[in-house]
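>
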Amino acid sequence: MVAARQHSLSSSIARLHGDERTVGSPLNDAERRAMRRTRLFGATGTVLMAIGALGAGARPVVQDPTFGVRLLNLPSRIQTVSLTMTTTGAVMMALAWLMLGRFTLGSRRMSRSQLDHTLLLWIVPLLIAPPMYSKDVYSYLAQSQISANGLDPYKVGPAPGLGLGHVFTLSVPSLWRDTPAPYGPLFLWVGRGISALTGENIVAAVLSHRVVVLLGVGMIVWAVPRLARRCGVAEVTALWLGAANPLLLMHLVAGIHNEALMLGLMLTGAEFALRGVDAAGSLLPRPVHWPRGRDEWLAWEPLAMLILGAVLITLSSQVKLPGLLALGFVGMALAHRWGATIKAFLSATLLMTALSLVVMAVVGWASGLGFGWIFTLGTANVVRSWMSPPTLLALGTGQVGILLGLGDHTTAVLSLTRAMGVLIIMITVTWLLLAVFRGRLHPVGGLGVALGATVLLFPVVQPWYLLWAIIPLAAWATRPGFRIATIAVSLVVGIFGPTANGDRFALFQILDATLASLVIVLLLIAVTFNHLPWRKVPGTSEAFSGQEPDPRPPTGPQAEPPAPRPAPGAYAESP
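Numbering of the sequence shown is given in full-length UniProt numbering, commencing with residue 1 and proceeding in unit increments.
Laid out in structure tokens, this is it:
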């Protein structure tokens, strides 16, 4: 019976995803050589990004360590050249990532070790570079210092809390100098610890926040392959599409955004929680008493895994609230495992709600920040982001009204479109939760789709927000359409999205840097065309199609017989 259920679950996953769980054959000599060259090409790109950031990055207004240093200060005096280097390096890294997919999607795949080494090699140059593409890290420093000074960062902004002349406030963009913190208490608690450790040394504080980002990326790299195995997806494929994505390198590592910590805690918590959900029957051992032996302690392991996972997911929401979505999908997976009844639904919902409230209360009490973050969640809505469809629709409608002489009604339309977007998010997430509850959708897939809908319909969308959906979906979705769309979005947003590079550039500088980068990249392609897998792997006749081998089962007399009906607890095909 157990073997039949396992076979049923395996067959169901294989039909949904195209069975990828078998490890691809090792790369041959020509492929290994091309893979190493591709790795070096991408590493060269991140080195150029790091050097260019000395002039085109988001350097601090004061305490700039490059100021007065003859060699290091040179990029800041030739900003157009620095911007060209940064743009060229980013394009090289993105193209190297695209070529690397050749070794993760084919019939022969690179190993986990090879991919991990590639990712590490690309990250290292960015760790010591100035912040890039965003000055948010300086807001982190200011808000954490406000908390360290005993003030409430959810009531005062950097300017009133620290003063306009403070070392941190000077580097905060003027838009955010009077706004309170929109981040959860756990993140500000960590930031307060960094402030206590580094004081007002802005370089040490920035590097400390990058260590926190690196910790989050490490958790992402740990969790994604395990979630991928759970969904029947090849580990290296999921890691390449998710953890090695150019958006992660450019915005989480180079840009120092707290999404790294949120995603790391959320995905790690989801993996631990689903391990507990996988346990058959009730999570509570019977009879309930204090464990006396090793076997009795092991009987408590599923419950411990579930609680640990729920705690980590809730902690992710104490960095940024969207991480809490994972708890809903874990709860529906648990309810489905308990029989998908109304009683199971209520029990799982009550358990997850109680755990999350306890963790939030403990974090709020221990940090001394309470629940003030609930009232500042809409702080970022002052930004009118063209990447948000509801906001873009309102901006376009407002401009049409102006052209027709009807007046500027952008603000009124914006309130309407954003409210409609939030309503659609609520409906979509509810439908996805019910699909997981009924066993029609895997919880990892449901989480990814829900976060994707949240990002697309959110009032404000930044380029790095796309990773909320891309990373969990990379561990679940295998359809070519999704991968092609993800690759296209990652390349377009990664290359053309960061128009604000921390410092202000004149239009002619941006145009000159873009044109120069285009010429350089075209020359690099021409020079390396026969040495890198632009079209095919050098030394072979195999073209780079980006397609995986046909996963369809064989037909004919030796075909595998139809799989039995999925057992309770198995996830059926997506609707």
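From the three backbone atoms N, C-alpha and C, an ideal C-beta is built for every residue, glycine too.
Starting from Y133, trace the alpha helix (DSSP H) both ways and give me its first and last residue.
Note, Y133: premise wrong, no alpha helix (DSSP H); not H, not E.
> Buried or exposed, going by whether 16 or more other CB atoms sit within 10 Å of the CB of A243?
buried
> Do G328 and L456 count as a contact pair if the criterion is CB distance below 7 Å?
no
> Assign residue 585 to one of three DSSP states: helix, strand, or coil.
With the chain represented from 1 up to 575, any question about residue 585 goes unanswered, as that position is not in the structure.
> Hey, out of L241, C231, N258, A254, whose CA is closest to A270's CA?
C231
> By alpha-carbon positions, which one of W476, E31, T38 ends up nearest to T528?
T38
> Which residues in the same chain as P389 place their Cβ atom closer than 8 Å to its Cβ, once the five residues preceding and following it in sequence are excluded?
G421, L456, L457
> State the Cα-Cα distance for the pair T86 and G218, rounded to the nearest angstrom.
Cα to Cα, the separation comes out at about 25 Å.
> Leaving out the 5 sequence neighbours to the left and right, which residues in its chain are closer than 6 Å to G191 when beta-carbon positions are compared?
Contacts found: Y140, S144.
> Buried or exposed, going by whether 16 or more other CB atoms sit within 10 Å of the CB of P554?
Because the pLDDT at P554 is just 43, under 50, the model does not fix this residue reliably, and the point stays unresolved.
> So what does DSSP say about E31, is it helix, strand or coil?
In this structure, E31 counts as helix in the three-state DSSP scheme.
> Between the region 174-188 and the region 364-382, are three or more C-beta pairs nearer than 8 Å?
yes
> Could you check if R109 is buried or exposed, using at least 16 other CB atoms within 10 Å of its CB as the buried criterion?
Using a 10 angstroms sphere on the CB of R109, the tally of other CB atoms reaches 16 or more, which defines it as buried.
> So, helix, strand or coil for F272, using DSSP?
Residue state, collapsed to three classes: helix.
> Rounded to a whole number of angstroms, what is the C-alpha to C-alpha distance between T104 and L119?
13 Å
> What three-state label does DSSP hand T66 in the structure shown?
Looking at T66 - three-state DSSP - the assignment turns out to be coil, as it is neither helix nor strand.
> Give me the Cα-Cα distance between P322 and L447, rounded to the nearest whole angstrom.
Each residue's Cα considered, the two are about 10 Å apart.
> Taking the continuous alpha helix (DSSP H) assigned at L482, which residues delimit it?
First, the residue type needs correcting, since residue 482 is Phe and not Leu in the sequence shown. Here the alpha helix (DSSP H) through F482 covers 480-496.
> Got a sec, what are the start and stop residues for the alpha helix (DSSP H) I525 sits in?
I525 -> alpha helix (DSSP H) spans 507-528.
> Rounded to whole angstroms, what's the CA-CA distance from L507 to S82? Just pull it up for me.
15 Å
> Near V461, which residues of its chain fall below 7 Å by C-beta distance, leaving aside the five closest residues on each side in sequence?
S385, M387, S388, V455
> Which first and last residues belong to the alpha helix (DSSP H) in which G301 is found?
Just to set this straight, residue 301 is Glu in the shown sequence, not Gly. Its alpha helix (DSSP H) spans residues 301-317.
> In angstroms, rounded to a whole number, what distance separates the CA positions of I256 and I220?
15 Å
> Determine whether the beta carbon atoms of L357 and V253 lie at a separation below 7 Å.
Not closer than 7 Å, so no.
> Count the other CB atoms, across all protein chains shown, that sit within 10 Å of the CB of R102; report buried if there are 16 or more and exposed otherwise.
buried
> Could you tell me which of L164, G161, A260 sits nearest to R210, measuring between CA atoms?
A260
> Counting C-beta neighbours from all protein chains within 10 Å, is the total for V69 16 or more, i.e. buried, or is it exposed?
exposed
> Are the CB atoms of T88 and S490 within a distance shorter than 7 Å?
A distance of 7 Å or more separates the beta carbons of S490 and T88.
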